[in-house]
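Numbering (this note's numbering), first residue to last: 3 to 136. Quick reminder that beta carbons are idealized off the backbone N, C-alpha and C, glycines included. Owing to the predicted nature of the structure, the values given are computational and were not obtained by experimental measurement. Okay, structure first, notes after.
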Amino acid sequence: MLKSSGIHVFTALFATNEEASAFGHPRWEPEPSQDSSEEEYTAWEDRNPIWPMKSELGCSIDNDFVEIIWKSGKEPDWDYLVSRLDLTQVTKIRRQTQMANTLVLIDHMAIGGEPPEFMSTGKLTYHGRHKASS
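This is the structure we're talking about:
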C-alpha cells in the first residue's frame, strides 16, 4: 500500500449529508436511451460525470482518495479528524474554522499531474496540507 504524502483539509457548511456528498463526489446523469442520436450521446459523455467540487477546485482529482465527513449541526467531526491528523494540527484547524459542519479530506495521492496550489473557494475553506498521523 502506498504511503500518503499528506492530507489537504477543507471545511464547508452543507444542510444535509446528501448535499455534501453531491458536491464532493462525482455523479452521472441517467444515460440517454438507445434511440438517442450520436450527438446526444456525445453531449452526455461530455457533461459527465458532474462533480461540483472538482470544477470548483479546477484540478484533476481521483475520487478514490477523497473523504467527505458531514455532521449535523455547526461543528465538523473533530474526533474523526483527530484520528487522521495529530491533535496539534487539528487544534490549529479548529481555531481557523468559523461556520462549518463538513470536513473534506483529499489525500495528496488523489492529485494527478502538477500539484495545484489549493485555496479557499465559494464553498470550501482551505486549511492546508497536513501530515497524516501514523
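Tell me the rounded alpha-carbon separation between G8 and D109. The residue you call residue 8 lines up with position 6 of the sequence shown. The residue you call residue 109 lines up with position 107 of the sequence shown. Approximately 6 angstroms between the Cα atoms of the pair.
Please specify which runs of the alpha helix (DSSP H), each continuous and at least 4 residues long, are wholly inside the segment 14-39, giving them in chain order. 19-26
F67 in three-state terms, based on DSSP: The residue labelled residue 67 in the question sits at position 65 within the sequence shown. Of the three classes helix, strand and coil, the one that applies to F67 here is helix, per DSSP.
Count the other CB atoms, across all protein chains shown, that sit within 10 Å of the CB of A102; report buried if there are 16 or more and exposed otherwise. Within the sequence shown, residue 102 is the residue found at index 100, counting from 1. So A102 counts as buried.
Put L1 into one of helix, strand or coil per three-state DSSP. Residue numbering for the chain in the displayed model covers 3 to 136; residue 1 lies beyond these limits and cannot be assessed.
Rounded Cβ spacing between D220 and S135 (contact assumed at less than 8 angstroms): Outside the displayed range of the chain (3 to 136) lies residue 220, so it cannot be described from this structure.
Sorted by chain position, which residues of the same chain lie with C-beta nearer than 7 angstroms to K76's C-beta, five sequence neighbours on each side aside? Locating residue 76 in the sequence shown gives position 74, where the first residue counts as 1. The residues are M101, N103.
State the start and end residues of the unbroken beta strand (DSSP E) segment that holds L105. Your numbering for residue 105 matches position 103 in the sequence shown. Element bounds for L105: 104-109.
Quick one: what's Y128 bridged to in DSSP? Numbered from 1 along the sequence shown, position 126 holds the residue referred to as residue 128. F12, per the DSSP bridge assignment.
Would you call the segment 50-64 in contact with the segment 24-31, where contact means no fewer than 3 C-beta pairs closer than 8 angstroms? yes
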